[in-house]
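Visitor: Taking numbering that gives the first Met the number 0 as reference, the numbering of the sequence shown is continuous, increasing by one, and the terminal residue is 229.
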Amino acid sequence: MIQAKNTFSGHDSFECRHFWLKKGFDHVNSGGKFDDAAVVPLGVGRNMVTAIRYWMRAFGLLDEKDSLTLFAENIFSNRGFDPYLEDESSLWLLHYQLVTKSFASIFDITFNDFRRQKPEFTKEHFISFIRNKKIEVNENTLSKDFDALLKTYISKGGNAEDNYEGILTDLNLIEEVRRENKTAYLIRTDDRERLPEEIILHCILDKHKSKSIDFETLLFDKNSVGLCLP
0 MIQAKNTFSG HDSFECRHFW LKKGFDHVNS GGKFDDAAVV PLGVGRNMVT
50 AIRYWMRAFG LLDEKDSLTL FAENIFSNRG FDPYLEDESS LWLLHYQLVT
100 KSFASIFDIT FNDFRRQKPE FTKEHFISFI RNKKIEVNEN TLSKDFDALL
150 KTYISKGGNA EDNYEGILTD LNLIEEVRRE NKTAYLIRTD DRERLPEEII
200 LHCILDKHKS KSIDFETLLF DKNSVGLCLP
């Protein structure tokens, strides 16, 4: 079920790139703000400064006061689990955060609701889905959010550490396919041998606090492992 309040835009058409979260973490951790003065320490343009802040909030690394969260500290601090995102497990955690935090509604809607109806889809399918749900959003804004979604997961042909690659491309969660001279997109559900059991358990315990959980709940509840993970 789609959340009552949806938020779109804020990324200035930039997908989150591989080192942005670490750069943003170090900047805030050293007392920096996301203002004009951040251009030099972050080494990006003004619009990218805004985008880095947006993505840090979308991944649950910043709270509403732009303070670092415990999750951010656990991953990106010098004593964190994986400050440079060298372990694919960290990418799965970031994907889970991106969907479940619902700050960037396009990810919440895609994985919690839209994929139930159309695991393979076109951009037109998605826009039509949003319109049928009576979600109020400008079509140009929605189009840019959809493009940011794709760039987050679909590689441009570079490598994971390429400054122009989306941060979650290594997960291969969304695939571009050709259907009758049209471009479509497929949310992959194949088995992932490299998806650690610990990540699955974390996602279950993050949502469910009871001692017993039925299988249908695990598969189909909002933000469940069945919807967030392949």
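Where is the CB? At the ideal position from N, CA and C, for every residue including glycine.
Computed from a prediction, not measured in an experiment: that's the story for all the values here.
(1) To the nearest angstrom, how far is the alpha carbon of Lys181 from that of Leu67?
(2) According to DSSP, is Met0 helix, strand or coil?
(3) In three-state terms, what does DSSP make of Arg56?
(4) Return the Cβ separation of Gly165 and Thr151 in integer angstroms, given the expectation that the two are a contact with Cβ distance under 8 Å.
(5) Does DSSP put Val38 in a helix, in a strand, or in coil?
(6) In this structure, how does DSSP classify Tyr184 when only helix, strand and coil are distinguished?
(7) Please list the terminal residues of the continuous beta strand (DSSP E) segment that includes Ile203.
(8) Can you give the Cα-Cα distance for Asp11 and Gly44, rounded to whole angstroms?
(9) To which residues does DSSP link Leu119 through a beta bridge?
(10) Could you check where the alpha helix (DSSP H) with Val224 kicks off and where it finishes?
(11) What number of angstroms, rounded off, separates the C-alpha of Thr109 from the C-alpha of Arg16?
(12) State whether the region 72 to 88 contacts the region 138 to 150, with contact taken as three or more CB pairs (one from each stretch) at a distance under 8 Å.
(13) Give every residue of the same chain whose Cβ lies closer than 6 Å to the Cβ of Ser8, excluding the five residues on either side of it in the sequence, and list them in chain order.
(14) In chain order, what residues of the same chain lie with their CB nearer than 7 Å to the CB of Ile199, ignoring the 5 residues before and after it?
(15) Grouping DSSP H, G and I as helix and E and B as strand, with all else coil, what is Val176?
(16) Whose CA, out of Lys4, Leu185, Leu92, lies closest to the CA of Leu194?
(17) With a 10 Å radius around its C-beta and 16 neighbouring C-beta atoms as the bar for buried, classify Phe106 as buried or exposed.
(18) What distance in whole Å lies between the Cβ atoms of Leu226 and Arg114, which are believed to be in contact at a cut-off of 8 Å?
(19) Taking the alpha helix (DSSP H) that Val98 belongs to, which residues open and close that run?
(20) By how many angstroms is the C-alpha of Ser76 removed from the C-alpha of Ser209?
(21) For Ala103, collect the residues of the same chain with a Cβ closer than 6 Å to its Cβ; drop the 5 residues on either side in sequence, then sort them by chain order.
(22) For Leu41, count the other beta carbons within 10 Å of its own beta carbon; 16 or more makes it buried, fewer makes it exposed. Which is it?
(23) Expressed to the nearest angstrom, what Euclidean distance is found between the alpha-carbon atoms of Leu97 and Glu197?
Guide: From the atom records:
(1) 43 Å
(2) Bear in mind that a pLDDT of 42 at Met0, under 50, signals an unreliable position, so the model cannot answer this.
(3) helix
(4) 4 Å
(5) helix
(6) strand
(7) Unbroken run through Ile203 is the alpha helix (DSSP H), 196 to 206; no beta strand (DSSP E).
(8) 11 Å
(9) Sequence inspection shows Glu at residue 119; the Leu mentioned does not correspond to that position. Paired residues: Leu185.
(10) 224 to 227
(11) 20 Å
(12) no
(13) Thr140
(14) Val224, Leu228
(15) strand
(16) Leu92
(17) buried
(18) 7 Å
(19) 87 to 100
(20) 31 Å
(21) Ala57
(22) buried
(23) 18 Å
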